[in-house]
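Chemist: Residue numbers (my numbering): 507 to 713.
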Amino acid sequence: MFHEKFNFSSADFYEFPFHPIILEQNGFFKYCNISQKQTECYVNECLDRSAPKIFSPANFLCKFKREHFMEVMHCLEVTEPLTFLKCDQMCHDESLKLVEQHERAAIGKVVFTNSEKQIYERELDLLCNFQTCFVECSKVIIRESCEWLQAESSLSLIFQYVTWHAIDVHDWYFLSNIMKDFPRSCQRLALLTVDSRDPIVRLINLL
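#1: When you compare only the Cα positions, how much space is there between P659 and L582?
#2: I need the DSSP call for R555, collapsed to helix, strand or coil.
#3: Using a Cβ-Cβ cutoff of less than 7 Å, which residues in the same chain neighbour H671 once the five nearest sequence positions on both sides are dropped?
#4: Is P468 near L630, with beta carbons less than 7 Å apart?
#5: Less than 7 Å between C-beta atoms, sequence neighbours within five positions excluded: which residues of the same chain meet that for L602?
#6: Any idea if S691 is buried or exposed, counting beta-carbon neighbours within 10 angstroms, 16 or more meaning buried?
#7: If you draw a straight line from the alpha carbon of R694 to that of P563, how long is it in whole angstroms?
#8: Checking 7 Å against the spacing of the C-beta atoms, do L661 and I648 come in under that value?
#9: Within 10 angstroms of its Cβ, does P523 collect 16 or more other Cβ (buried), or is it exposed?
#10: Does DSSP put K571 in a helix, in a strand, or in coil?
#11: Comparing C-alpha positions only, which one of L681, S682, E642 sits nearest to I664?
#12: Here's the rule I'm using: 16 or more other beta-carbon atoms within 10 Å means buried, otherwise exposed. How should Y626 be labelled?
#13: State buried or exposed for N635, treating a residue as buried only when at least 16 other CB atoms are found within 10 Å of its CB.
#14: Within 7 Å of any Cβ in chain B, is that where the Cβ of S601 sits?
#15: For a test of the three-state rule: what should DSSP assign to N513, helix, strand or coil?
#16: Short of 6 Å in beta carbon distance, which residues of its chain neighbour C538, apart from the five on each side in sequence? Order them along the chain.
#17: When you compare only the Cα positions, how much space is there between L697 and F640?
#18: With a 10 Å radius around its C-beta and 16 neighbouring C-beta atoms as the bar for buried, classify L591 as buried or exposed.
#19: Out of D599, T545, N550, T585, point me to the one whose CA is closest to E557's CA.
#20: Exposed or buried, K543, counting other C-beta atoms within 10 Å across all chains shown (16 or more means buried)?
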């Protein structure tokens, strides 16, 4: 279905940083329609009644924060090429460096295996480090490129996206009683506090 609508594989698609295809209205509507059909499949075929209510990129963008996303879509669209150019590879490299430093520090303390769980947690650590870096990197670009209210509202949406995602993963680790394995980079995102003087925080408090 994804390939049919967008003419490329879903493996080449990413929700964050927000893919250019969902930063224009027609692409966003197609994305949400596909997501809605997937959710209906989970409910009807897999009997997963929680699917419409839990955090997912599609639920966040297409349901929970749809109006907010559409309000800031233009700002995110015009800044996407520059944020991608300046932030994407730099944050990938920085995230990898941080994870490798953590692994070197843990040598002798833990036994490394190639279990699926450890591979997943390494990827999760990379993701949380990347998201933290990308949010910080994109702030200046967005604030310099968009009107003040649009810029702060765009950054508010991005901030909420990465923290909601981290909190969702945190809750799974907590309920599974394996918080000791929850990557510290994701803990920092889940418990993120920003200086109260920051306009993003003031704006979030008004939402």
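Beta carbons are placed, not taken as given, at the ideal position from N, Cα and C, and that holds for glycine.
Given the structure is predicted, the values throughout are model-derived calculations rather than measurements.
Modeler: In short:
#1: Position 153 of the sequence shown, counted from the start, is the residue given in the question as residue 659. Position 76 of the sequence shown, counted from the start, is the residue given in the question as residue 582. One detail in the question is off: residue 659 reads as Ser in this sequence, not Pro. Whole-angstrom Cα-Cα distance: 10 Å.
#2: Taking the sequence shown and counting its residues from 1, the one referred to as residue 555 is at position 49. Looking at R555 - three-state DSSP - the assignment turns out to be coil, as it is neither helix nor strand.
#3: As a position in the sequence shown, residue 671 is number 165, starting the count at 1. Counting only Cβ-Cβ distances below 7 Å, and skipping sequence neighbours, we find F561.
#4: The chain is shown from 507 up to 713; residue 468 falls before or after that span and cannot be answered.
#5: The count along the sequence shown starts at 1 and reaches residue 602 at position 96. Taken in chain order, the residues that qualify are L632.
#6: Your numbering for residue 691 matches position 185 in the sequence shown. So S691 counts as buried.
#7: Numbered from its first residue, the sequence shown carries residue 694 at position 188. Numbered from its first residue, the sequence shown carries residue 563 at position 57. Answer to the nearest angstrom: the Cα atoms are 20 Å apart.
#8: The count along the sequence shown starts at 1 and reaches residue 661 at position 155. The count along the sequence shown starts at 1 and reaches residue 648 at position 142. Closer than 7 Å, so yes.
#9: Looking up residue 523 in the sequence shown gives position 17. P523 should be labelled buried.
#10: As a working mapping, residue 571 is identified with position 65 in the sequence shown. Three-state result, K571: coil.
#11: In the sequence shown, residue 664 corresponds to position 158, counting from 1. Residue E642 is the option with its Cα nearest to I664.
#12: Residue numbering aside, residue 626 sits at position 120 when the sequence shown is read from its first letter. Flag for Y626 reads exposed.
#13: Here residue 635 refers to the residue found at position 129 when the sequence shown is read from its first residue. Label assigned to N635: buried.
#14: Structure shown: chain B not included; a single protein chain is present.
#15: Start at 1 with the first residue of the sequence shown, and residue 513 comes out as number 7. Here N513 sits in coil by DSSP.
#16: Working through the sequence shown from its first residue, we reach residue 538 at position 32. Counting only Cβ-Cβ distances below 6 Å, and skipping sequence neighbours, we find C568.
#17: Within the sequence shown, the letter at position 191 stands for residue 697. Within the sequence shown, the letter at position 134 stands for residue 640. Going from the Cα of L697 to the Cα of F640 covers about 17 Å.
#18: Along the sequence shown, one-based indexing puts residue 591 at 85. Answer is exposed; the Cβ neighbour count stays below 16.
#19: If you number the sequence shown from 1, residue 557 lands on position 51. The sequence as given places Ala at residue 557; Glu does not occur at that position. Residue T545 is the option with its Cα nearest to A557.
#20: Here residue 543 refers to the residue found at position 37 of the sequence shown. When all chains shown are included, K543 counts as exposed.
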